[in-house]
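This is how it looks when you write it as structure tokens:
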């Protein structure tokens, strides 16, 4: 009986933790959405910009891998990539070994644009962090590292 109650108590604690995680992620998403809002001078949609960021971090990526990262269909992504190629943001590369295998990478124009916009966003974050004490900054840094470790397990 006591063992059964302990088990139920542990399950309730897990459920509370799951609820807290759920609400934390909603708040985090709202903050991220506000911070990653593209400026009016940006000629790209949010999805196009996400695509460029993924390409910056994963040069020479396949359509399938990119589709999986963005959680969009291959056909939708293909249409968007055609536009990005046409506008000079992205290069399409055909491999010599297999012409059916197409890879995508940023053009110098795309790379410069992404790096510039990321630089602007980092400056915004830096400005936000000015209100924190050194101790709070260290706690935030430590918390981010801990969250990265934990989320890599989930």
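Numbering (our numbering), first residue to last: 16 to 169. Note that CB positions come from ideal geometry on N, CA and C, so glycine has one too. Remember, predicted model here, so these are calculated numbers, not experimental data.
- Residue 122 is not a Cβ neighbour of residue 109, given a cutoff of 7 Å.
- Using a Cβ distance threshold of 7 Å, residue 125 and residue 105 count as a contacting pair.
- Residue state for residue 117 is assigned as strand, using DSSP reduced to three classes.
- With fewer than 16 neighbouring CB atoms inside 10 Å of its own CB, residue 39 falls in the exposed class.
- Leaving aside the five residues that flank residue 136 on each side, the residues in its chain whose CB is nearer than 8 Å to its CB run, in chain order, 50, 51.
- According to the DSSP assignment, residue 94 belongs to no beta strand (DSSP E) but to the alpha helix (DSSP H) extending over 89 to 101.
- In the three-state DSSP reduction, residue 77 falls in the strand class (E or B).
- As the crow flies, the alpha-carbon of residue 28 is around 37 Å from that of residue 69.
- Boundaries of the alpha helix (DSSP H) harbouring residue 133: 123 to 144, taken from the DSSP string.
- Shown here for residue 99: same chain residues with a beta carbon closer than 8 Å to its own, the five before and five after excluded, namely 63, 66, 67, 105, 125 in chain order.
- Taking a C-beta distance under 7 Å as the contact criterion, residue 75 and residue 120 qualify as a contact pair.
- In the DSSP assignment, residue 161 falls within the alpha helix (DSSP H) that extends over 149 to 168.
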